[in-house]
Amino acid sequence: MTGSLVILTGAGISAESGLGTFRDPDGLWAKFDWQALATPEAFAAQPGRVHEFYNARRGNLAAARPHAAHEALARLERDWLARGGDFLLVTQNVDDLHEQAGSQRLIHMHGELKKMRCLGCHSVMEAPLGLGTDTACPRCSQPGFLRPNVVWFGEIPLEMDVIFQALETCTHFAAIGTSGTVYPAAGFSQVAGQAGARLTEINLAETETSPQFHERVSGPASEAVPRWVERILAQT
Numbered sequence: 035m036t037g038s039l040v041i042l043t044g045a046g047i048s049a050e051s052g053l054g055t056f057r058d059p060d061g062l063w064a065k066f067d068w069q070a071l072a073t074p075e076a077f078a079a080q081p082g083r084v085h086e087f088y089n090a091r092r093g094n095l096a097a098a099r100p101h102a103a104h105e106a107l108a109r110l111e112r113d114w115l116a117r118g119g120d121f122l123l124v125t126q127n128v129d130d131l132h133e134q135a136g137s138q139r140l141i142h143m144h145g146e147l148k149k150m151r152c153l154g155c156h157s158v159m160e161a162p163l164g165l166g167t168d169t170a171c172p173r174c175s176q177p178g179f180l181r182p183n184v185v186w187f188g189e190i191p192l193e194m195d196v197i198f199q200a201l202e203t204c205t206h207f208a209a210i211g212t213s214g215t216v217y218p219a220a221g222f223s224q225v226a227g228q229a230g231a232r233l234t235e236i237n238l239a240e241t242e243t244s245p246q247f248h249e250r251v252s253g254p255a256s257e258a259v260p261r262w263v264e265r266i267l268a269q270t
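To convert, count from 1 in the sequence shown and add 34; that's our numbering.
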């Protein structure tokens, strides 16, 4: 029996595609004030400024492409499911690089950059590159109610009930390219470990949660993840 595999990915897996990390010394929150750009209060106070920031990020994402790590995880999903196992990929990233590579069993716990949400009718839709305060909702036709469909500081991540159900029953858990400092994701390894799962961390450097893992794989995601995928498929 292949078992149940849950994978968590963070900004480190997208960095090699040209998208910035967040908490490194040269990361996004070292360059920009998250309190002015990534909170509900910031959006209420200066929605135009927040839209400009996320429009720029969408433009950056439009030029990004998945790399070998994204492709290896898509292959792992296909092979794992074909062998009768359960599989869930949970990403902290708001980019769509996993989808571009072919991943399908995927949860964006922090939302999706290419989508917008209407505060009036609560619809979630594809976002234009130039989303602004005067953009009318395609569903309810009201302007001024659209916001990026991303989870801001102070908001609850998405689909947590599904994620924790998978963690509590998994036999394998891997954390890839994540800092291990932001909760609730930083606690996923502990939940999976209590369920008896085999824990693997793949990262450039050690994190605060590294001591919890049975195995650590060091190196750039584009190199380390394909090697790990080859090994885990050979063992199961």
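Cβ coordinates follow ideal geometry from the N, Cα and C atoms, glycine included.
For clarity, every value in this text was computed on a predicted model and none was experimentally measured.
Query: Host alpha helix (DSSP H) of Gly20 (start-end); Result: Given that the chain is displayed from residue 35 to residue 270, the structure contains no residue 20 and the question cannot be resolved.
Query: Coarse secondary structure for Pro182, derived from DSSP in three states; Result: strand
Query: Candidates Lys148, Arg173 and Cys174, of which the one nearest Leu163 by Cα; Result: Lys148
Query: Bridge-paired residues (DSSP) for Asp120; Result: Ser38
Query: Beta bridge counterpart(s) of Arg173 as assigned by DSSP; Result: According to DSSP, Arg173 bridges with nothing at all.
Query: Residue closest to Thr205, alpha-carbon to alpha-carbon, out of Val225, Pro191 and Gly214; Result: Val225
Query: C-beta contact flag for Gly208 and Ile41 at 7 Å; Result: The displayed chain sequence assigns Ala, not Gly, to residue 208. Yes; because the gap between Cβ atoms is below 7 Å, this pair is in contact.
Query: Helix, strand or coil at Val263 [DSSP, three-state]; Result: helix
Query: Gly237 - partner residues in DSSP beta bridges; Result: Note on identity: in this sequence residue 237 is Asn, with Gly being the wrong assignment. Beta-bridge pairing links Asn237 to Ser252.
Query: Supposed close pair His248, Val184 - CB separation, criterion 8 Å; Result: That belief does not hold up - the Cβ atoms of His248 and Val184 are roughly 33 Å apart, past 8 Å.
Query: Cβ distance (whole Å) where Arg173 is taken to contact Cys152 below 8 Å; Result: 6 Å
Query: Rounded C-alpha distance that separates Val259 from Thr73; Result: 33 Å
Query: Length of the line joining the Cα atoms of Arg232 and Ala49; Result: 26 Å
Query: Residues of its chain near Ala135, where Cβ-Cβ distance is below 8 Å and the 5 sequence neighbours each way are ignored; Result: Pro100, His104, Glu105, Leu107 and Ala108
Query: Straight-line gap, Thr212 to Ala97 (C-alpha atoms, nearest Å); Result: 23 Å
Query: Leu147 - DSSP class collapsed to helix/strand/coil; Result: strand
Query: Continuous alpha helix (DSSP H) stretch holding Glu133: start and end; Result: Leu131 to Ala135
Query: Nearest-angstrom Cβ-Cβ length linking Arg117 and Thr36, presumed shorter than 8 Å; Result: 4 Å
Query: Reduced DSSP secondary structure (H/G/I, E/B, other) of Glu189; Result: coil
Query: Beta-carbon contacts of Phe222 that lie in its chain and below 8 Å, excluding the five residues immediately before and after; Result: Val40, Leu42, Val124, Ile197, Leu201, Phe207 and Ala209
Query: Among Trp114, Asp129 and Val128, nearest to Leu122 - alpha-carbon criterion; Result: Trp114
Query: Arg232 in three-state terms, based on DSSP; Result: strand
Query: Residue burial classification, Met150 (beta-carbon count within 10 angstroms, cutoff 16); Result: buried
Query: Identity of the residues DSSP links to Ile47 by a beta bridge; Result: DSSP, once it has assigned bridges, lists no residue as partnering Ile47.
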